[in-house]
Amino acid sequence: MRGRGHLDLFDLHQSRQVLLVSKAALATAILRLLQLLLLGSDSSVPTKAAASAIRNLAANHNAAQLSIAKAGAITPLINLLTHSDQGVQAQAAAALGNLAGDSSENHFDKQMMIAQAGAVPPLVQLLERASPELREAGASALRMLATNNADNQVAVAHAGAIRPLVRLLYDEMASVREEAAAALGNLVFYNDETNAGNQAAIAEAGALPRLGALLQDKAAAVAETAAGALRNLAAQNAANQDSVCQSDALRSLVGLLKESREPKAQVEAAGAIHNLAAGNTRCQGKIVEAGGLQPLVSLLKEEAPRMREVAAGALWALARDNPELQKAIDRSGNIYAEHLPKRHPKN
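Residue 61 is where the sequence shown starts when you use this note's numbering, and the numbers rise one by one after that.
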């Protein structure tokens with residue numbers, strides 16, 4: 061029987077759970093995996109297994125991510141993005157995405173290490189490969205590199221990723237459509253600020269109508285992610301707000317509010333309506349015409365705090381500087397007054 065400090069590389073390859081092992085065992089395993097990546101083999105099996113193990117080790121595990129990066133695994137993983145075996149390429153891309161992806165204070169540094177080592181161009185190339193596994197892995201890794209990182213958002217756009225990502229919104233595989241929509245959404249938003257240049261480029265590439273159509277995708281996760289992407293693309297962008305509000309996408313967003321059985325989809329739809337309404341009286345009127353008012357009021361009765369929060373935020377955006385809508389919301393009843401703009405008596 062093995063001791064608790066022993067770490068088997070095969071177990072790493074098979075497991076997707078955080079492993080409870082000592083730091084010494086973890087460091088030893090990472091070095092052994094790195095040796096496999098560097099040495100190569102006549103067979104792609106050990107290389108693929110090593111990349112897969114690194115992928116699994118790095119998933120939501122900040123200490124492992126830092127150890128892997130410090131051990132020098134980033135450049136070998138990038139080199140594997142052009143390996144002759146597509147399975148190796150996919151595992152390397154997924155490993156790089158996991159190395160970049162968490163919410164810790166080291167998140168930005170790891171993203172920058174990967175991008176500055178040259179990962180972005182080969183990841184963009186994966187978007188146009190024949191294998192859906194590679195397309196998905198490339199989009200996913202780019203999504204993680206762009207998350208709340210303005211520098212990488214610019215780098216990914218400059219590397220030519222936007223149009224291939226928009227084309228992937230039409231992919232036959234739902235998982236690819238989902239990752240493409242998520243990546244596009246992450247290319248335009250960081251720390252409550254918008255990337256107006258990427259918003260315009262993505263709209264120019266034709267993403268808005270297709271994202272609107274994906275709101276009715278049979279795969280619930282795709283519809284939810286499309287709503288999130290539209291939310292980000294509409295943020296503080298009058299041109300994108302108007303484009304969405306003048307299309308069928310608006311009624312589809314209202315449909316998600318009314319009919320979706322997925323709370324996350326309703327949250328994303330309410331967030332999109334919030335950003336469409338914010339500071340745009342034209343969209344405010346269109347949202348009311350599309351029937352968006354009553355389902356938002358209804359969501360205020362939900363038990364989930366997040367649901368109530370986003371619904372109240374959307375209603376606030378609708379009513380701000382719009383006395384007529386404030387009256388309409390009041391008539392709908394069941395509205396928390398503290399979430400709406402303060403009314404000042406006329407002098």
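Built from N, CA and C at the ideal position, the CB exists for glycine as well.
Can you give me the Cβ contacts of L97 inside the same chain, cut-off strictly under 6 Å, excluding the 5 residues immediately before and after it?
-> As a working note, residue 97 is residue 37 in the sequence shown. Taken in chain order, the residues that qualify are A110 and P136.
Simplified DSSP assignment, three categories, for T135 | In the sequence shown, residue 135 corresponds to position 75, counting from 1. It is helical.
Per DSSP, which residues does T254 bridge with? Please list them.
-> Along the sequence shown, one-based indexing puts residue 254 at 194. T254 is bridged to F249.
Return the CA-CA distance between A129 and H121, expressed in angstroms with no decimal places.
-> In the sequence shown, residue 129 corresponds to position 69, counting from 1. In the sequence shown, residue 121 corresponds to position 61, counting from 1. Going by the C-alpha atoms only, they are around 12 Å apart.
By how many angstroms is the C-alpha of A338 removed from the C-alpha of V78?
-> Here residue 78 corresponds to residue number 18 of the sequence shown, with the count starting at 1. Here residue 338 corresponds to residue number 278 of the sequence shown, with the count starting at 1. With a pLDDT of 43 at V78, under the threshold of 50, the predicted position of this residue should be treated as unreliable, and no value is reported.
Report buried or exposed for V105, applying the criterion of at least 16 other Cβ atoms within 10 angstroms of its Cβ.
-> Locating residue 105 in the sequence shown gives position 45, where the first residue counts as 1. It counts as exposed.
Around the C-beta of R48, are 16 or more other C-beta atoms found within 10 angstroms, so that it is buried, or is it exposed?
-> Not covered by the structure: residue 48. The range shown for the chain is 61 to 407.
Among the residues of its own chain, which have a CB less than 7 Å from the CB of A87, if the five just before and after it don't count?
-> In the sequence shown, residue 87 corresponds to position 27, counting from 1. Here the set comprises S127.
Could you check how far apart the C-beta atoms of L317 and A329 are, in whole angstroms? I think they sit under 8 Å.
-> Here residue 317 refers to the residue found at position 257 of the sequence shown. Here residue 329 refers to the residue found at position 269 of the sequence shown. L317 to A329, Cβ: 5 Å. Contact.
Hey, out of S307, R291, A201 and N292, whose CA is closest to V184's CA?
-> Here the question's residue 184 lines up with position 124 in the sequence shown. V184 has its Cα closest to that of A201, out of S307, R291, A201 and N292.
Look at A454 and F249 and say whether their C-beta atoms are less than 8 Å apart.
-> Nothing can be reported for residue 454: it is not among the residues displayed for the chain, which extend from 61 to 407.
Between R64 and N292, what straight-line distance do the alpha-carbon atoms span, to the nearest angstrom?
-> By 1-based counting over the sequence shown, the position of residue 64 is 4. By 1-based counting over the sequence shown, the position of residue 292 is 232. Since pLDDT at R64 reaches only 38, below the 50 mark, its modelled position is unreliable, and the value read off the structure follows with that caveat. Approximately 45 Å between the Cα atoms of the pair.
Check whether T207 and N158 have beta carbons under 8 Å apart = For the purposes of this step, residue 207 is identified with residue 147 of the sequence shown, where counting begins at 1. For the purposes of this step, residue 158 is identified with residue 98 of the sequence shown, where counting begins at 1. No. Outside cutoff.
With DSSP run on the structure shown, which of helix, strand or coil describes R321?
-> Locating residue 321 in the sequence shown gives position 261, counting from the first residue. Note: R321 maps to coil in three-state DSSP.
Should E253 and R203 be called a contact, given that it needs their Cβ atoms to be closer than 8 Å?
-> The count along the sequence shown starts at 1 and reaches residue 253 at position 193. The count along the sequence shown starts at 1 and reaches residue 203 at position 143. No, the Cβ-Cβ distance between E253 and R203 is not below 8 Å.
Would L80 be called buried (16 or more neighbouring beta carbons within 10 Å of its own) or exposed?
-> Within the sequence shown, numbered from 1, the residue matching residue 80 stands at position 20. Annotation note: pLDDT 49 at L80 (below 50); position unreliable, coordinate value reported separately. By the neighbour-count rule (16 or more Cβ atoms within 10 Å), L80 is not buried but exposed.
Exposed unless 16 or more other CB atoms sit within 10 angstroms - verdict on P224 = Along the sequence shown, one-based indexing puts residue 224 at 164. Buried is the call here.
Is D302 helix, strand or coil by DSSP?
-> Taking the sequence shown and counting its residues from 1, the one referred to as residue 302 is at position 242. Three-state result, D302: helix.
Alpha helix (DSSP H) segment containing T88, residue limits = For the purposes of this step, residue 88 is taken as residue 28 along the sequence shown, with counting starting at 1. Here the alpha helix (DSSP H) through T88 covers K83 to L99.
Who are the Cβ neighbours of N335 in its own chain at under 6 Å, not counting the five residues just before and after it?
-> On the sequence shown, position 275 is the one that residue 335 refers to. So the list reads R291, A294 and A295, once near-sequence residues are dropped.
State buried or exposed for E196, treating a residue as buried only when at least 16 other CB atoms are found within 10 Å of its CB.
-> Within the sequence shown, the letter at position 136 stands for residue 196. By the 10 Å Cβ count, E196 comes out buried.
DSSP three-state call for S200: helix, strand or coil?
-> If you number the sequence shown from 1, residue 200 lands on position 140. In the structure shown, S200 sits in a helix (DSSP, three-state: H, G or I).
Alpha helix (DSSP H) containing K278: first to last residue?
-> Position 218 of the sequence shown holds residue 278. Neither: K278 is in no alpha helix (DSSP H) and is coded neither H nor E.
Using the Cα positions of A372 and V357, report the straight-line distance between them to the nearest angstrom.
-> Here the question's residue 372 lines up with position 312 in the sequence shown. Here the question's residue 357 lines up with position 297 in the sequence shown. Roughly 8 Å separates the two Cα atoms.
Figure out for me which residue from Q125, I114, G132 and R189 has the closest Cα to the Cα of D152.
-> Taking the first residue of the sequence shown as 1, we reach residue 152 at position 92. Per the sequence shown, the amino acid found at residue 152 is Ala instead of Asp. Ranking Q125, I114, G132 and R189 by Cα distance to A152 puts I114 first.
Which class does A388 belong to by DSSP, given the choice of helix, strand or coil?
-> Position 328 of the sequence shown, counting from 1, holds the residue named residue 388. Correct three-state label for A388: helix.
Leaving out five residues on either side along the sequence, give the residues of the same chain with a beta carbon under 8 Å from the beta carbon of V214.
-> Position 154 of the sequence shown, counted from the first residue, corresponds to residue 214. The residues are N255, G257 and N258.
Under the assumption that L93 contacts A150 (Cβ atoms under 8 Å), give the Cβ distance between them as a whole number of angstroms.
-> Reading the sequence shown from its first residue, position 33 is the one you call residue 93. Reading the sequence shown from its first residue, position 90 is the one you call residue 150. Not a contact, Cβ separation roughly 17 Å.
Using a Cβ-Cβ cut-off of 6 Å (strictly less than) and excluding sequence neighbours within five positions of G161, which residues of its own chain qualify?
-> Locating residue 161 in the sequence shown gives position 101, counting from the first residue. M204.
A263 beta carbon less than 8 Å from that of N300 | Walking along the sequence shown from the start, residue 300 turns up at place 240. Walking along the sequence shown from the start, residue 263 turns up at place 203. Contact: yes.
Taking the CB atoms as reference points, tell me whether L229 and L268 lie closer together than 8 Å.
-> Along the sequence shown, one-based indexing puts residue 229 at 169. Along the sequence shown, one-based indexing puts residue 268 at 208. No, the pair does not count as a contact, with Cβ atoms beyond the cut-off.
Cβ-based burial, E284 [other Cβ within 10 Å; buried from 16] = Position 224 of the sequence shown, counted from the first residue, corresponds to residue 284. Buried is the call here.
The alpha helix (DSSP H) spanning M233 covers which residue range?
-> Mapped onto the sequence shown, residue 233 falls at position 173. Run containing M233: none; DSSP gives neither H nor E here.
Which whole-angstrom value is the C-beta distance of V148 and A199, which I expect to be below 8 Å?
-> For this step, residue 148 is matched to residue 88 along the sequence shown. For this step, residue 199 is matched to residue 139 along the sequence shown. Actually they do not touch by this definition, with Cβ atoms about 18 Å apart.
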